[in-house]
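Enquirer:
There are 2 protein chains.
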Amino acid sequence: MDDDHKELLEARANVFKALGHPSRLAIVDALAGGERCVCELNESVDADLSTVSRHLAVLKNVGILSSEKCGNQVFYKLECPCVASFYGCVESVIRGTGQPLELENLQ
Amino acid sequence: MDDDHKELLEARANVFKALGHPSRLAIVDALAGGERCVCELNESVDADLSTVSRHLAVLKNVGILSSEKCGNQVFYKLECPCVASFYGCVESVIRGTGQPLELENLQ
DNA sequence: AAATCGTTTGCGTATTTAGCCAAATACGCT
DNA sequence: AGCGTATTTGGCTAAATACGCAAACGATTT
C-alpha cells in the first residue's frame, strides 16, 4: 500500500467520519432544503448552539458544507447534494437487505 | 424531532461511522473484489491481525459485511455492493467540486 | 461607545475509539 | 489427546470526540 493510496483512504474516511453523527446528519437533511443560518439549524438539532456550531465546522472542514456570512448571521449550504443519494444504500444496510429500495439510488 | 426520527438518524450515522476509518475502507475495497478470508484481508490493511479482526467486527455489526465460517477460516463479504457507489460523490467532496466525475454515480 | 444579536472559541470533563500484546477459542490433522 | 493454524477476545493505554458553559468576537443598532 503506497502513500498516495493511504492518503486517499484517509481523505475518504474523513468524509464518512464527518457524516457519522446523528446531529450532523440532521444538519445535512435540513440543508437538503436549501441554505439555512445557524440559528435555524439549531432548531432542527436539539443540542447546545455551540455544539451545533462545532458540528457545522466539522462538515465544512471536509468540504461537505460551505458558509457565507450575511450581516449578523452565517448561512450554510450543502456543497454536494449527491450526499443525499447515499441514503438509499444506507437504508438498505440498516434493513439488512443489501438492496436499496429504489433502484435509482444505485450506480 | 420525534424518537423514531432520532433512531433513524442514529442508525444511519452508525453506518457512516463504520465507514469512517481508512483501514475499514481498505477492507471494503478489497471485498469489492469478492469474498476474502481474514488472513487475506490482513495483507491489504497494514495493522495487527487482532486490529483487523475488530475492524471487521465493526463493519459486520452495522450490516455492511457478513461472514461465513469455512473450516479453519472465516470469509467476509460485502453485504451491500452499493457502498462502492459512494466513492464518486466522496471524491467530489475531496476535490471540492461538489460534482462527481462520473454522472452515473449520482441519483 | 454601549448594548445587543448571532456565532465561534477556550476550557474542563466524560465518553468512545484505536491499537497492541497476550491469552483464549475454534477447527482440522495426526 | 496433542499440535499447528486461523480468528476472536480481554485488558490496558493513548488519543480522539462530544458536550455544555462561559467568555470572546464581529456586525448592527441605539
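Protein chains in written order, with the working numbering: chain A, 471 to 577; chain B, 471 to 577.
C-beta: ideal position from N, C-alpha, C; glycine also.
1. Out of B/LEU501, B/PRO551, B/VAL485 and B/GLU561, state which residue places its alpha-carbon closest to the alpha-carbon of B/PHE545.
2. Distance check for B/ASN542 and A/ALA483, CA to CA, integer angstroms please.
3. Can you find at least 3 beta carbon pairs, one from the stretch 485-495 of chain B and one from the stretch 474-494 of chain A, that sit closer than 8 Å?
4. Quick one: list the residues of chain B neighbouring A/ALA483, beta-carbon separation under 8 Å, in chain order.
5. If we cut at 8 Å on Cβ distances, does B/TYR557 have a partner in chain A?
6. Using the rule of at least 16 other Cβ atoms within 10 Å of the residue's Cβ for burial, across every protein chain shown, is A/SER555 buried or exposed?
7. Under 7 Å: does the beta carbon of A/CYS550 sit that close to some heavy atom of the ligand HEM?
8. Spell out a yes or no on whether the stretch 501-511 of chain B and the stretch 511-523 of chain A are touching, meaning 3 or more CB-CB pairs, one atom from each, closer than 8 Å.
9. With 8 Å as the threshold, decide whether the Cβ of A/SER520 is near any Cβ in chain B.
10. Go ahead and pull the three-state DSSP assignment for A/VAL544.
11. Establish whether the CB of A/GLU510 and some CB of chain B are separated by less than 8 Å.
12. Could you have a look at A/VAL560 and say whether DSSP puts it in helix, strand or coil?
Expert: Well, looking at it:
1. B/LEU501
2. Computed Cα separation, rounded: 32 Å.
3. yes
4. LEU489, GLY490, HIS491, PRO492, ARG494 and LEU495
5. yes
6. buried
7. Judged by which ligands are present, the structure shown has none, so any question about the ligand HEM falls away.
8. Cβ pair count under 8 Å is below three, so no.
9. Not flagged as an interface residue toward chain B: A/SER520, since no C-beta distance is shorter than 8 Å.
10. strand
11. Contact of A/GLU510 with chain B is not assigned, every C-beta pair being separated by 8 Å or more.
12. helix
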